[in-house]
Amino acid sequence: MTHPSSTGSRRLVVLGTGGTIAGSSPQAGANLGYTAGTVSVEALLGGFTAPEGFALHAEQIAQLDSKDMDTATWQALHERCEHWLAHDDVAGVVITHGTDTIEETAFFLHSVLSSPKPVVLACAMRPSTALMPDGPQNLRDALAVAATVDAAGVTVVCAGDIHDAVAVRKTHPYRLNAFGSGDTGPVGYMEEGQPRLLRPWPRRPSSEPVTVPGAGHWPRVEIVLSHAGASGTLIDTLVRERQNGVCGAVAGIVLGATGNASLHRDLEQAALRAQAVGIEVRVAARCNEGRLLPTPDASFPIMADLSPVKARIALMLALYRG
Ligand code: SIN
Numbered sequence: 018m019t020h021p022s023s024t025g026s027r028r029l030v031v032l033g034t035g036g037t038i039a040g041s042s043p044q045a046g047a048n049l050g051y052t053a054g055t056v057s058v059e060a061l062l063g064g065f066t067a068p069e070g071f072a073l074h075a076e077q078i079a080q081l082d083s084k085d086m087d088t089a090t091w092q093a094l095h096e097r098c099e100h101w102l103a104h105d106d107v108a109g110v111v112i113t114h115g116t117d118t119i120e121e122t123a124f125f126l127h128s129v130l131s132s133p134k135p136v137v138l139a140c141a142m143r144p145s146t147a148l149m150p151d152g153p154q155n156l157r158d159a160l161a162v163a164a165t166v167d168a169a170g171v172t173v174v175c176a177g178d179i180h181d182a183v184a185v186r187k188t189h190p191y192r193l194n195a196f197g198s199g200d201t202g203p204v205g206y207m208e209e210g211q212p213r214l215l216r217p218w219p220r221r222p223s224s225e226p227v228t229v230p231g232a233g234h235w236p237r238v239e240i241v242l243s244h245a246g247a248s249g250t251l252i253d254t255l256v257r258e259r260q261n262g263v264c265g266a267v268a269g270i271v272l273g274a275t276g277n278a279s280l281h282r283d284l285e286q287a288a289l290r291a292q293a294v295g296i297e298v299r300v301a302a303r304c305n306e307g308r309l310l311p312t313p314d315a316s317f318p319i320m321a322d323l324s325p326v327k328a329r330i331a332l333m334l335a336l337y338r339g
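Just so we're on the same page, my numbering is the position in the sequence shown counted from 1, plus 17.
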């Protein structure tokens, strides 16, 4: 739907997927105890004036709590982003999304989209019915980023910070500024409705179109965390499933490693057994900041800059491409 207050000659497309930003509570003003993903993206844009010179076009892609994000919604988002970004008059796409898995959706889109135009994910920590909801300001900021002349790449905008899709992580379950970008820090900050950049806009890994797996074709990749008292039991179960030819058996495992890629010895032995039967094993950091450094005696390849949840997406896409 094209937003009624829109008058510009260029367009920004807003894709709704749900989340707290679209959440509502029967208890007026409550910050907790609400239902995510109840308010339509058109309604969220209700009181908005488009950035000057732009028309807004809204589309509802999904209406869910992002803890339940699924590959079907990712496929739909990929298809709609590619569709709209191919239009000359579309400057960028804004996606309204829950905070819980926004970093995964952002990283997925960063990995697969071919257009250099900006895709900006907006979220909120308070539902739309809160006394002081944060969604409207975050959405306004996301639209301003998408409308910025030289903006590019996939970013997440929250509480005035602009994060890139690779570095961003949800770091807090409650406060309004719930995201961090670790060592790299944010790409920039919103100041008086304009982005102030600290480093260049993020670049996509490829300008070639990337094929995204269709329904039923996503390789199964599980995450197993190394921790005090870890065992190989979970991994051995996955190996048995594979050896018994169970449909949808695991194709890859990401190990969430302690320290600089260190693994509990029992978990490591089980992961070696998994590798021996053809399961791809990768190691990602359990630490929230920094990157893994290669070591000469490592048993498995590391995904140096990725959190376990993002390493899982990277491995699924790599296994699909073969
Ligand atoms: C969700 O992720 O959909 C719910 C939580 C939130 O958006 O903050």
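Each residue gets a CB set at the ideal place from its N, CA and C atoms; glycine is no exception.
Rounded Cβ spacing between residue i and residue j (contact assumed at less than 8 Å)
i    : j    : result
A53  : G115 : 6 Å
H127 : V171 : 4 Å
G35  : Q80  : 5 Å
Y51  : S42  : 4 Å
I347 : A291 : Because residue 347 is not part of the residues shown, which for the chain are 18 to 339, the question remains open.
S223 : S131 : 7 Å
T188 : N261 : With 8 Å as the limit, T188 and N261 do not qualify as a contact, their Cβ atoms being about 40 Å apart.
Q286 : G231 : That belief does not hold up - the Cβ atoms of Q286 and G231 are roughly 36 Å apart, past 8 Å.
CB of residue i within 8 Å of CB of residue j, strictly
i    : j    : result
V229 : H95  : yes
D178 : P219 : no
I240 : L255 : no
L61  : L214 : no
C140 : I119 : yes
V183 : A163 : no
N48  : A147 : yes
L73  : L32  : no
V173 : A123 : yes
L309 : A335 : no
G109 : P68  : no
Closer than 7 Å: residue i CB and nearest ligand 1 heavy atom
i    : result
S83  : yes
A53  : yes
M320 : no
T340 : Any answer about residue 340 is impossible in this case: the structure gives the chain only from 18 up to 339.
C140 : yes
T116 : yes
T88  : no
G262 : no
T400 : Outside the displayed span of the chain (18 to 339) sits residue 400, for which this structure offers no information.
Helix, strand or coil at residue i according to DSSP, with G and I counted as helix
i    : result
Q44  : coil
V162 : helix
F317 : coil
M86  : coil
M149 : coil
Y337 : helix
V56  : coil
A39  : helix
R308 : coil
CB contact below 8 Å: residue i versus chain D
i    : result
G265 : Looking for chain D here will not work: only one protein chain is present.
TODO: Mind listing, in chain order, the continuous beta strand (DSSP E) runs of no fewer than 3 residues lying wholly within the stretch 251 to 300?
DONE: 269 to 274
Open item on the list: Quick check on the DSSP output: what are the complete beta strand (DSSP E) runs of length 3 or more inside the stretch 173 to 231, in order along the chain?
Closed with: 178 to 181, 205 to 208, 211 to 214
- [ ] Run through the stretch 91 to 154 for me and flag every whole beta strand (DSSP E) of 3 or more residues, listed as ranges in chain order.
- [x] 107 to 113, 136 to 139
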